[in-house]
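Participant: These protein sequences, in sequence, are chains X and D. For the first sequence, this note's numbering assigns the number 2 to the initial residue and increments by one for each residue that follows. For the second sequence, this note's numbering assigns the number 17 to the initial residue and increments by one for each residue that follows. Even for Gly, the Cβ is constructed at its ideal location relative to N, Cα and C.
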Amino acid sequence: MDFPLVNGNSSDVSIEEDSAAIVKNDSHHSSLVNGHRNGSPDSFNDIQGRLAMPLFGMDIGGTLTKLVYFEPANFDEFDFAERETLKTIHKYLIGNTAYGKTGIRDVHLELGNQTICGRTGKIHFIRFPTAQMSAFIELAKLKNFSGLASGICATGGGAYMFEEVFAKEVLLQLHKYDELDCLLKGIHHIDRHNPCECYYFSNPRDTECCDKLPFNFHNPYPYLVVNIGSGVSILSVRSKTDYNRVSGTSLGGGTFLGLCCLLTGCETFEEAIGLASQGDSRNIDKLVKDIYGGDYGKFGLKGDTVACSFGQMISQEKRDAARKEDLARATLVTLTNNIGSIARMCAKTEKIERVVFVGNFLRVNEISMKLLSYAMDYWSDGSLKALFLQHEGYFGAMGCLLEYLQLNS
Amino acid sequence: MAHKSYARCIDLPTEQVFHNIRNAKRFAMDIGGSLAKVAYSSLVKKKSTMVFDDTDSIGPNKGSIYNVSETDQEIVRLHFVKFETKYIETCLDFINANLIQSRESMLDKVIKVTGGGAYKYTELINGKLGVQVDKEDEMECLIKGCNFLLKNISDEAFCYTRHANPEYKFQGVDSHVFPYLLVNIGSGVSLCKVESESKFERIGGTSTGGGTFWGLGSLLTSAKEFDELLELAESGDHKSVDMLVKDIYGGDYGAIGLGADVIASSFGKAARSTKDSAQNSPSFKKEDIARSLLLCISNDIGQIAYLQAKLHGVQKIYFGGFFIRGHPFTMHTITFAINFWSKGEIQALFLRHEGYLGAIGAFLKGMEEEDDERYSWGENLAGSSGLASPKHVGTSHVVQELSNNFSMLEINRLDRALHPCPLLLDVISYLPDTVDLTQDIDARNYWLKCFADGAKKTHDLAVKSQPHEQDASERADKFLKKYLERLKSLEQNPCAYGSLTVRSLLDTSTHFLEESLFTDIFSQQKQFENEQALRVLPSRLKTLDEQPESERHFQLVLGMLAGNVFDWGAKEVCTILETQQLTLEEAQAKLQKRPWLCDDFDTWLCRVSQPNPYKCAVIFVDNSGVDIILGIFPFARQLLSMGTNVILCANSQPSLNDVVYRELLWIVNKASDVCPVLHNAMTEGRLKVMETGQASPCLDLRLIDEKLVSAIKEMEADLVVIEGMGRAIHTNFDASFACDALKVAVIKNRWLANRYGGEMFSVIFKFEKGRKVSSSCLSAASAKR
Numbered sequence: 002m003d004f005p006l007v008n009g010n011s012s013d014v015s016i017e018e019d020s021a022a023i024v025k026n027d028s029h030h031s032s033l034v035n036g037h038r039n040g041s042p043d044s045f046n047d048i049q050g051r052l053a054m055p056l057f058g059m060d061i062g063g064t065l066t067k068l069v070y071f072e073p074a075n076f077d078e079f080d081f082a083e084r085e086t087l088k089t090i091h092k093y094l095i096g097n098t099a100y101g102k103t104g105i106r107d108v109h110l111e112l113g114n115q116t117i118c119g120r121t122g123k124i125h126f127i128r129f130p131t132a133q134m135s136a137f138i139e140l141a142k143l144k145n146f147s148g149l150a151s152g153i154c155a156t157g158g159g160a161y162m163f164e165e166v167f168a169k170e171v172l173l174q175l176h177k178y179d180e181l182d183c184l185l186k187g188i189h190h191i192d193r194h195n196p197c198e199c200y201y202f203s204n205p206r207d208t209e210c211c212d213k214l215p216f217n218f219h220n221p222y223p224y225l226v227v228n229i230g231s232g233v234s235i236l237s238v239r240s241k242t243d244y245n246r247v248s249g250t251s252l253g254g255g256t257f258l259g260l261c262c263l264l265t266g267c268e269t270f271e272e273a274i275g276l277a278s279q280g281d282s283r284n285i286d287k288l289v290k291d292i293y294g295g296d297y298g299k300f301g302l303k304g305d306t307v308a309c310s311f312g313q314m315i316s317q318e319k320r321d322a323a324r325k326e327d328l329a330r331a332t333l334v335t336l337t338n339n340i341g342s343i344a345r346m347c348a349k350t351e352k353i354e355r356v357v358f359v360g361n362f363l364r365v366n367e368i369s370m371k372l373l374s375y376a377m378d379y380w381s382d383g384s385l386k387a388l389f390l391q392h393e394g395y396f397g398a399m400g401c402l403l404e405y406l407q408l409n410s
Numbered sequence: 017m018a019h020k021s022y023a024r025c026i027d028l029p030t031e032q033v034f035h036n037i038r039n040a041k042r043f044a045m046d047i048g049g050s051l052a053k054v055a056y057s058s059l060v061k062k063k064s065t066m067v068f069d070d071t072d073s074i075g076p077n078k079g080s081i082y083n084v085s086e087t088d089q090e091i092v093r094l095h096f097v098k099f100e101t102k103y104i105e106t107c108l109d110f111i112n113a114n115l116i117q118s119r120e121s122m123l124d125k126v127i128k129v130t131g132g133g134a135y136k137y138t139e140l141i142n143g144k145l146g147v148q149v150d151k152e153d154e155m156e157c158l159i160k161g162c163n164f165l166l167k168n169i170s171d172e173a174f175c176y177t178r179h180a181n182p183e184y185k186f187q188g189v190d191s192h193v194f195p196y197l198l199v200n201i202g203s204g205v206s207l208c209k210v211e212s213e214s215k216f217e218r219i220g221g222t223s224t225g226g227g228t229f230w231g232l233g234s235l236l237t238s239a240k241e242f243d244e245l246l247e248l249a250e251s252g253d254h255k256s257v258d259m260l261v262k263d264i265y266g267g268d269y270g271a272i273g274l275g276a277d278v279i280a281s282s283f284g285k286a287a288r289s290t291k292d293s294a295q296n297s298p299s300f301k302k303e304d305i306a307r308s309l310l311l312c313i314s315n316d317i318g319q320i321a322y323l324q325a326k327l328h329g330v331q332k333i334y335f336g337g338f339f340i341r342g343h344p345f346t347m348h349t350i351t352f353a354i355n356f357w358s359k360g361e362i363q364a365l366f367l368r369h370e371g372y373l374g375a376i377g378a379f380l381k382g383m384e385e386e387d388d389e390r391y392s393w394g395e396n397l398a399g400s401s402g403l404a405s406p407k408h409v410g411t412s413h414v415v416q417e418l419s420n421n422f423s424m425l426e427i428n429r430l431d432r433a434l435h436p437c438p439l440l441l442d443v444i445s446y447l448p449d450t451v452d453l454t455q456d457i458d459a460r461n462y463w464l465k466c467f468a469d470g471a472k473k474t475h476d477l478a479v480k481s482q483p484h485e486q487d488a489s490e491r492a493d494k495f496l497k498k499y500l501e502r503l504k505s506l507e508q509n510p511c512a513y514g515s516l517t518v519r520s521l522l523d524t525s526t527h528f529l530e531e532s533l534f535t536d537i538f539s540q541q542k543q544f545e546n547e548q549a550l551r552v553l554p555s556r557l558k559t560l561d562e563q564p565e566s567e568r569h570f571q572l573v574l575g576m577l578a579g580n581v582f583d584w585g586a587k588e589v590c591t592i593l594e595t596q597q598l599t600l601e602e603a604q605a606k607l608q609k610r611p612w613l614c615d616d617f618d619t620w621l622c623r624v625s626q627p628n629p630y631k632c633a634v635i636f637v638d639n640s641g642v643d644i645i646l647g648i649f650p651f652a653r654q655l656l657s658m659g660t661n662v663i664l665c666a667n668s669q670p671s672l673n674d675v676v677y678r679e680l681l682w683i684v685n686k687a688s689d690v691c692p693v694l695h696n697a698m699t700e701g702r703l704k705v706m707e708t709g710q711a712s713p714c715l716d717l718r719l720i721d722e723k724l725v726s727a728i729k730e731m732e733a734d735l736v737v738i739e740g741m742g743r744a745i746h747t748n749f750d751a752s753f754a755c756d757a758l759k760v761a762v763i764k765n766r767w768l769a770n771r772y773g774g775e776m777f778s779v780i781f782k783f784e785k786g787r788k789v790s791s792s793c794l795s796a797a798s799a800k801r
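Given below as structure tokens:
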């Protein structure tokens, strides 16, 4: 009745189902357990009629659109027309790792030997800026996506925003799913199907001995998910189906990139992270020791703690001397620390110890991950643990693809 | 606009700013990056009246019941002066040149200094003044100052709602100050949870504060000064820079309750459009960027404050610090953020004197060896600057420029501790004032004009009250000028000194009079009227005693009402009193005939016709002369003879022709000479004369003399009688009491009478049953059943 639990055993499953059942009786959470508040289950009969399996899950965010594509290992099981379409898609998507100027396939994240709908195959992870949606729509028209299926599973705000355009231009119906439902479904699935998905940084207070180590996430509840996309959503997860959004902030990845673009003239996230990795925020920020000459012992604030982000920039002289790299670093540190401190308060309020950070803000961004690891550990006296997942920003798209399976089981 | 004043250093009017510094006893300073505050205490000269026995006197006063003379008194006053830090050297030079103490005597003195500049300016202060500098922790001082203000200054805290009427909603006097969260937004942000006078902890903070707004803002826009950035932000539109929920969803994200206009990603649009088309890379308006930055930082601070408040179970969050500085737009964004995150569950609170917290705290630390608990403190409205209102820059440019350079707060030490009246049903929800003039524009316009019209008369009376002082008329002129200026400024910015009410306007007048060294300007008039009325008292008592019991109650009430007509505070009555000698009977004839505008007489009669109706009545009295002697005394006498003890409560300090405690003592004595009932009650302790601790024709029952509070408790008072327009109509009209309450007044103002739907001399006779059933009432009720 559910997708198979590769790494679990049958008793695990029954426990989870029980807890889910309990939650269903709790009126407080009943609206969330259903899992597809915004979905339209009936319309899937259509897809089923044409093609017995989904191929895509799409998560259209504010900045990035994430696409998950399941490539069946064996095309022979399909009828001729289907096979031809599959070949076309395969040739285009798998034949390339970059699409146009901005579309990227994250080859290193590719998951092989996956079973979906009784078929084996590979899962591919592709992203492009949401600003390029019009180009994607052109492509979909050109490659005749509508011949493949009458609909695509989509989540994220863009599933609503672009619903009409897809219907009109590509003749494809977007089957909409709630992004937070999808996110959690995706996290759950990928973690169960990729043994080294979850990791953490050991010795977070010591940069010398700070190592990336795998974390066993198989009995994860309760945990906090901090999804850092353009903005940030924070979810408290108590079981597979019982969760709620406890907070969020508009100061997220979009803020980092937006500010960096304005401050340094950079154009991409990679460029911004590249600059930041070569910068020193201490030339930009005002530290506790800049004000008190050392530690602020009374309140347990170390001299190196940032007292005021961008605090030195109130002086014209310092502004003139500021390097792009330092500005990018200060922006990154400010945003990361802020997210960390809000996440920490939420964890405390929810009485949760494991905090899982996901979202594309963390892509190629070890600086932030280490900072978050440090912040969680230091400010909680070691009681909080920051966890990370390899597939950072793709859980929504993955979860969206999986929605289909749940409906048809 | 604000930055124009930055350039001129010689502008600080030191003489005016460091008022009374020659008498300064103790100093403290709070030096911040841009604003510095000096605190000092001084002994300030004040006139007061003495009432004494006159049996031995000769000359013109011979035969008077008492004699009054003015004496000089000294009161302790705290001065707090705020100015831009760049003036600090000028200020230190001025202090040095003007102190009475010699430099040598300063050597062993210690000055408490707090704030970021405590480190930077230590040597300068030491060098200029020769004193030792004792550095005090900033947060600790802020909290100490905050506790002090919240406990002592009424209407210190307020909520701010942009475009509401009024925008400022003041919180009165908080009798339950703790626990609260103090969020100090300086360059960074500190959050402290304050649980008691001595217990507080820093529970968190964030590095994105005022300095981040300033630093990032000046990198992103052409503005270089903080205020310049705020001005930009005020006219900008963040929607072009921020990514909203609707930019992602096309509308709401209903499932989690995020509206379409909620910011999903601050500066999100600055990120995604750059790459869009390199040729026409988007350029954002600097106003829009500043606004987006301000919202982003305000929302973030609001969220962190809300999360911490929730985590620590605290309901009240006060915001202060350089970032706020009473600036309406930042208060708006912080309020918005707190409302957003708490879904309206928690209100963001701000403080009128937020800028002085550190200086007050540092000063109090220096004063700790003395017991500051014994005193209550009150704001000197005549010497304090109001909340600046940048809104009105255009109309009063001069005032604005001045207040940019410096502002002042003066707090007087009151000679007694003041506590809430124990008879109030609920002291937390009690508000003395009936009409909030910040809200009621018609009433505000009327009263401001009314007070301005009356100011000349006050001026003339003031001159007349000090016939032997040569500079009296000069001082009176100064009073008139300053008082009228204040009324003018209140017209433009009614919220500048807390809620604007008839009470606060009367207090303002009293403070300005005191400041010009005038005190009891009606004392001669009062003495004359008291003597006149005392002569008539025996025959008045005789007439009343001849009445049958039921009729007598009505006549007593009529007498009390007629007595209340003799009010020099009412303009229209003054005109009558000035031209003719009015008798009680004539005044009675002017009264509205029954049914009165508010007429509970029948219920009252029924209540007092019961045997032993009350244990003890507390009567808050009004005017001198006919009112107290022919109206109140017979009424009190009747209560006494029915077995009810009586506490007569009069003001401690003069205002208008209200009878003052010291005068009342003499008058009661004289009255008991002709009335055995009063005489016996005095000797038996069944009749007490007490002071309220107040100096106003209005009555604020949150702050009455602690001795009166104990007497009310000891004598188990179960009836409160409040007399006069000021006490029973302008204030306390809507007040609920735990015991029975009688509110009696004659409306002697045509405008007000019309407003209540009546005519001149309409009668308010409001009798309300106590809301709380006391144990004695319970047993009486069950006995009845």
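Residues in the same chain with beta-carbon distance under 7 Å from R239 (chain X), minus the five sequence neighbours each way, listed in chain order, please.
Facilitator: Answer for R239 (chain X): Y222, P223, listed in chain order.
Participant: Since C118 (chain X) sits in a beta bridge, which residues does DSSP pair it with?
Facilitator: Looking at the DSSP assignment, C118 (chain X) forms no beta bridge with any residue, so it has no partner.
Participant: For D493 (chain D), collect the residues of the same chain with a Cβ closer than 8 Å to its Cβ; drop the 5 residues on either side in sequence, then sort them by chain order.
Facilitator: So the list reads H475, once near-sequence residues are dropped.
Participant: Distance, Cα to Cα, D674 (chain D) vs S640 (chain D)?
Facilitator: Distance between the alpha carbons of D674 (chain D) and S640 (chain D): 5 Å.
Participant: Taking DSSP as the reference, what is the three-state secondary structure of H109 (chain X)?
Facilitator: Three-state DSSP puts H109 (chain X) in a helix.
Participant: Along chain D, in chain order, which residues have C-beta atoms closer than 8 Å to that of T335 (chain X)?
Facilitator: Per Cβ cutoff of 8 Å: S223, T224, T228.
Participant: Along chain X, which residues have their Cβ under 7 Å away from the Cβ of R218 (chain D)?
Facilitator: Going along chain X in sequence order, the residues near R218 (chain D) (Cβ under 7 Å) are F300.
Participant: Determine the extent of the beta strand (DSSP E) in which M424 (chain D) is found, giving its start and end residues.
Facilitator: It spans 422 to 429 - the beta strand (DSSP E) in which M424 (chain D) sits, taken as one unbroken run.
Participant: Measuring only the C-alpha atoms, how far is Q174 (chain X) from L235 (chain D)?
Facilitator: Their backbone Cα atoms lie some 45 Å apart in a straight line.
Participant: Can you give, in chain order, each stretch of the alpha helix (DSSP H) that sits fully within the stretch 76 to 150 of chain D and has at least 4 residues?
Facilitator: Listed in chain order, the complete alpha helix (DSSP H) runs (minimum 4 residues) inside the stretch 76 to 150 of chain D are 104 to 114, 119 to 122, 133 to 136, 138 to 145.
Participant: Classify L390 (chain X): buried if its beta carbon has 16 or more other beta carbons within 10 angstroms, exposed otherwise.
Facilitator: Buried: at least 16 other Cβ atoms inside 10 Å.
Participant: Does the beta carbon of N315 (chain D) sit closer than 8 Å to a beta carbon anywhere in chain X?
Facilitator: Closer than 8 Å to some Cβ of chain X, the Cβ of N315 (chain D) qualifies, so yes.
Participant: Going by DSSP in three states, A733 (chain D) sits in which element: helix, strand or coil?
Facilitator: If DSSP states are grouped into helix, strand and coil, A733 (chain D) belongs with coil.
Participant: To the nearest angstrom, report how far apart R460 (chain D) and L500 (chain D) are at their CA atoms.
Facilitator: In a straight line, the C-alpha of R460 (chain D) is about 15 Å away from that of L500 (chain D).
Participant: With 16 other CB atoms within 10 Å as the buried threshold, where does T208 (chain X) fall?
Facilitator: T208 (chain X) is exposed by the Cβ-count criterion.
Participant: Once the 5 residues before and after G397 (chain X) are set aside, which same chain residues still bring their CB inside 7 Å of it?
Facilitator: Counting only Cβ-Cβ distances below 7 Å, and skipping sequence neighbours, we find D60, K67, T156, G157, E180, C183, L184, G187.
Participant: What does Q317 (chain X) touch in chain D if you count any residue whose Cβ is under 9 Å from its own?
Facilitator: Going along chain D in sequence order, the residues near Q317 (chain X) (Cβ under 9 Å) are S234, K240.
Participant: Is the beta carbon of L823 (chain D) less than 8 Å from the beta carbon of R702 (chain D)?
Facilitator: Here chain D covers residues 17 to 801 and nothing more, so residue 823 (chain D) does not appear.
Participant: Can you name the residues that DSSP bridges to Y395 (chain X)?
Facilitator: In the DSSP output, where bridge partners are listed per residue, Y395 (chain X) has none listed.
Participant: So what's E268 (chain X) in DSSP terms, helix, strand or just coil?
Facilitator: Reduced to three states, the DSSP call for E268 (chain X) is coil.
Participant: Counting only beta-carbon atoms, is A398 (chain X) nearer than 8 Å to chain D?
Facilitator: Judged by the 8 Å Cβ criterion, A398 (chain X) is not in contact with chain D.
Participant: Do T403 (chain D) and L464 (chain D) have their C-beta atoms closer together than 8 Å?
Facilitator: Looking at the sequence provided, one finds Leu at residue 403 (chain D) rather than Thr. No.
Participant: Where N135 (chain D) and T346 (chain D) are concerned, what is the direct C-alpha to C-alpha distance, given to the nearest angstrom?
Facilitator: Contrary to the premise, residue 135 (chain D) reads as Tyr rather than Asn in this sequence. Each residue's Cα considered, the two are about 29 Å apart.
Participant: Below 9 Å on C-beta distance, what does S203 (chain D) contact in chain X?
Facilitator: Simply K287, I292, A308, C309, G312, I315.
Participant: Please report the residue range of the alpha helix (DSSP H) in which V487 (chain D) lies.
Facilitator: Looking at the sequence provided, one finds Asp at residue 487 (chain D) rather than Val. Where D487 (chain D) is concerned, there is no enclosing alpha helix (DSSP H), given that its DSSP letter is neither H nor E.
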